[in-house]
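To keep things clear, I will list the structure first and then write my remarks on it.
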Amino acid sequence: ATTLGSAASAKGKYFGTAAAAYKFSDSVYTGLLDREFTMVTPENEMKWDATEPSQNSFSYSSADTIVNRAKANGQRVRGHALAWHSQQPGWASSLSGTALRNAMVNHITNVATHYKGQLYAWDVVNEAFSDNGDGSRRSSNLQQTGNDWIEVAFKTARAADSTAKLCYNDYNTDGVNAKSTAIYNMVKDFLARGVPIDCVGFQSHINSASPLPSDYQANLQRFADLGVEVQITELDIAGSGTTQANTYANVVKACLAVTKCTGITVWGIRDSDSWRSGDTPLLFDNSGNPKAAYNSVISAF
Ligand code: XIL
4 ATTLGSAASA KGKYFGTAAA AYKFSDSVYT GLLDREFTMV TPENEMKWDA TEPSQNSFSY
64 SSADTIVNRA KANGQRVRGH ALAWHSQQPG WASSLSGTAL RNAMVNHITN VATHYKGQLY
124 AWDVVNEAFS DNGDGSRRSS NLQQTGNDWI EVAFKTARAA DSTAKLCYND YNTDGVNAKS
184 TAIYNMVKDF LARGVPIDCV GFQSHINSAS PLPSDYQANL QRFADLGVEV QITELDIAGS
244 GTTQANTYAN VVKACLAVTK CTGITVWGIR DSDSWRSGDT PLLFDNSGNP KAAYNSVISA
304 F
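The sequence shown begins at 4 in the numbering used here and counts up by one.
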């Protein structure tokens with residue numbers, strides 16, 4: 004039977020989902036995970052608070068559970084995320100300056116080394132730009148360690164793992180706007196200066212208030228034209244019925260039209276698994292039945 008993964012594979016793309024290790028005892032959940040998806044992103048298990056709960060003491064068991072399960076099923080894994088202002092352990096969020104910079108580098112080195120050779124890609128830096136419309140960096144403890152923190156993160160990740168593709172990942176970057184343009188300029192600068200970067204992730208959390216921009220495909224294409232791979236990394240679309248189904252299909256069509264768009268990951272399996280379940284933004288209902296959006300994704304491939 005056709006699945007999300009097989010439909011995408013027929014066009015040379017992957018179709019992934021975020022997965023949570025604590026749900027692996029739910030057979031409806033694992034049934035869909037194993038059948039439908041060819042890529043897996045740990046939803047929370049690789050974040051800084053999960054992997055380094057106290058400084059320089061690393062905890063990989065939940066993330067390893069996901070990676071090993073994916074491998075056993077022939078699925079690939081996107082690592083998420085090495086450096087981010089959110090979901091930091093308390094000890095890190097209270098650091099600043101050189102101590103925080105050194106802690107970030109140590110974190111990236113350890114985690115990327117642990118998963119060396121096992122991941123398709125890493126979200127090396129997540130959500131580093133602000134939403135205030137001027138293309139500036141988000142003010143965070145990491146940003147306050149110096150504007151070069153992003154390139155240091157990418158260089159550190161490359162030194163630890165030479166095979167994972169290194170991605171910059173962000174949200175509200177789905178059309179051509181001040182935020183996506185600032186990221187575009189950063190990527191262009193990194194490529195010009197030899198800072199390692201292989202891919203840009205577009206989270207694509209789509210709300211009814213800000214629907215899919217008409218220049219979604221053009222925005223993906225301008226990044227692809229720089230020479231980096233583009234990926235839809237956390238797709239979820241608020242709504243229901245035909246409207247939601249059509250928007251999902253439009254995301255698939257945009258990725259198909261951009262050669263360097265290698266795949267799409269949805270941010271969870273059933274609506275009830277979503278971090279914003281009230282928006283019913285996913286492809287399966289709470290019982291695990293496929294929604295109209297599921298069928299439209301398959302047809303769009
Ligand atoms: C979310 C998870 O889905 C939730 O379970 C968690 O409580 C908060 O984080 N952008 C990201 C993801 O990059 O890591 C976030 O995931 C959603 C927004």
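Beta carbons: idealized from backbone N, C-alpha and C, even for Gly.
Leaving out five residues before and five after residue i in sequence, what residues of the same chain have Cβ atoms less than 6 Å from its Cβ?
i	result
Ser143	His88
Gln247	Ile240, Ala296
Gln58	Trp94
Gln146	Arg140
Gly120	Thr166
Gln206	Tyr174, Thr236, Glu237
Ser90	Looking at the sequence itself, residue 90 is Gln, so the reference to Ser does not match. Correct list, in chain order: Lys50, Asp52.
Ala23	Glu46
Ala66	Pro45, Glu48, Met49
Trp270	Ala21, Glu237, Asp239
Ser64	none
Pro284	Asp239, Ile240, Ala241, Ser277
Met189	none
Asp282	Ala241
Ser253	Sequence check: residue 253 is Asn here, not Ser. Answer for Asn253: Leu215, listed in chain order.
Ala10	Ile301, Phe304
For residue i, I'd like the list of residues in its chain whose CB is within less than 7 Å of its CB, leaving aside the five on either flank, ordered along the chain.
i	result
Pro293	Leu286, Phe287
His83	Thr44, Pro45, Met49, Asp126
Thr309	This structure does not reach residue 309, given that the chain is present from 4 up to 304, and the question cannot be answered.
Gly8	Phe18, Glu39, Phe40, Thr41
Thr33	Phe27
Ala249	Correcting the residue identity first, residue 249 is Asn in this sequence and not Ala. The residues are Ser299.
Gly100	Thr148
Thr159	Val108, Ile111, Thr112
Gln78	Phe40, Thr41, Met42, Val43
Ser280	Asp274
Val329	Because the chain here runs from 4 to 304, residue 329 falls outside it and cannot be looked at.
Asp134	Asn175, Lys182
Contact check, residue i vs residue j under 8 Å by CB: the rounded distance?
i	j	result
Ala21	Thr54	Not quite, the Cβ-Cβ distance comes to about 16 Å (not below 8 Å), so this is no contact.
His208	Glu237	6 Å
Ala303	Lys256	6 Å
Phe157	Val179	24 Å between Cβ atoms; not a contact.
Lys191	Leu229	6 Å
Ile272	Cys258	Contact doesn't hold; Cβ gap of about 19 Å is too wide.
Ala163	Ala115	4 Å
Asn76	Asp29	Actually they do not touch by this definition, with Cβ atoms about 16 Å apart.
Ala185	Phe132	5 Å
Leu215	Asp177	7 Å
Tyr171	Gly204	7 Å
Val80	Leu122	5 Å
Ser183	Asn222	6 Å
Gly242	Ser211	6 Å
Looking only at its own chain, which residues have a Cβ that is under 8 Å from the Cβ of residue i, when we skip the five neighbours before and after it?
i	result
Ser62	Ala53, Thr54, Glu55, Pro56
Ala181	Gly136, Asp137, Gly138
Lys16	Cys258, Leu259, Cys264, Thr265, Gly266, Ile267, Phe304
Ala13	Phe304
Leu98	Ala106, Asn144
Tyr187	Arg225, Phe226, Leu229
Ser217	Gly178
Leu306	Look at the range of the chain in this structure, 4 to 304, and you will see that residue 306 is not part of it.
Could you check whether the Cβ of residue i sits closer than 6 Å to any heavy atom belonging to the ligand SAM?
i	result
Asn249	Here the bound small molecules are the ligand XIL; the ligand SAM is not part of this structure.
Counting Cβ pairs, one atom from each stretch, are 3 or more of them under 8 Å apart for the stretch 43-56 and the stretch 292-301? no
- Message: What ranges does the alpha helix (DSSP H) occupy inside the stretch 77-154, keeping only unbroken runs of at least 4 residues that lie completely in it?
- Response: The stretch 77-154 contains these whole alpha helix (DSSP H) runs: 93-96, 100-117.
- Query: Which ranges does the beta strand (DSSP E) cover as unbroken runs of at least 3 residues, wholly within the stretch 155-241, from first to last along the chain?
  - Reply: 168-173, 202-205, 232-240
Within the chosen definition, does the stretch 101-111 reach the stretch 71-80 through at least 3 CB pairs nearer than 8 Å? no
- request: Take every Cβ of the stretch 110-118, pair it with every Cβ of the stretch 192-200, and state whether three or more of those distances are shorter than 8 Å.
  value: Contact between the stretch 110-118 and the stretch 192-200 is absent, because fewer than three Cβ pairs lie under 8 Å.
> Where are the alpha helix (DSSP H) runs, 4 residues long or more, that stay fully inside the stretch 34-85, in chain order?
Replying inline: Every unbroken stretch of the alpha helix (DSSP H) spanning 4 or more residues and falling wholly within the stretch 34-85 is given here in chain order: 51-54, 64-75.
*asked:* Extract the residue ranges of the beta strand (DSSP E) inside the stretch 251-290, only unbroken runs of 3 or more that lie entirely within it.
replied: List check, beta strand (DSSP E) in window: 264-269.
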